[in-house]
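Novice: Encoded as structure tokens, here's the structure I'll be asking about.
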Amino acid sequence: MWKSSTKVRKFFFASIVFVLGFYMRFEDDSVESAKIVKQWNVKIISISKNKRHQDRAAALEVWDKLEEFMRSRSHG
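Residue numbers (the working numbering): -13 to 62.
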């Protein structure tokens, strides 16, 4: 076992708190996959296969959530 493995694990787990995850899915994807993803620490963004004009709203939602996340982590 690596000598500094405890330090590496502590760093890794501390770093996870500073990561924001997104899961992009189609609205008509199976409900089973949505149940699994809801257990993850990610923001679910749904898009439609047939209403591509709504992609802009989904992209703006990603940027809004990212900006909110960054503001919540700022120290100033």
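Glycine included, each C-beta is placed from N, C-alpha and C at the ideal position.
1) Using the three-state DSSP reduction, which class does K37 fall into: helix, strand or coil?
2) Compare the beta carbon distance of I22 and E47 with 8 Å and say whether it is the shorter of the two.
3) On a CA-only basis, which of R59, S60, R11 is nearest V28? Give me that one, please.
4) With DSSP run on the structure shown, which of helix, strand or coil describes K64?
5) My output table needs one value for F55: the three-state DSSP class, helix, strand or coil.
Specialist: Concretely, from the data shown:
1) Here K37 carries a coil assignment [DSSP, helix/strand/coil].
2) Contact annotation: I22 and E47 have beta-carbon atoms that are not nearer than 8 Å.
3) Sorting R59, S60, R11 by C-alpha distance to the C-alpha of V28 places R11 at the top.
4) In the structure as shown, the chain starts at -13 and stops at 62, and residue 64 therefore has no counterpart that could be examined.
5) It is helical.
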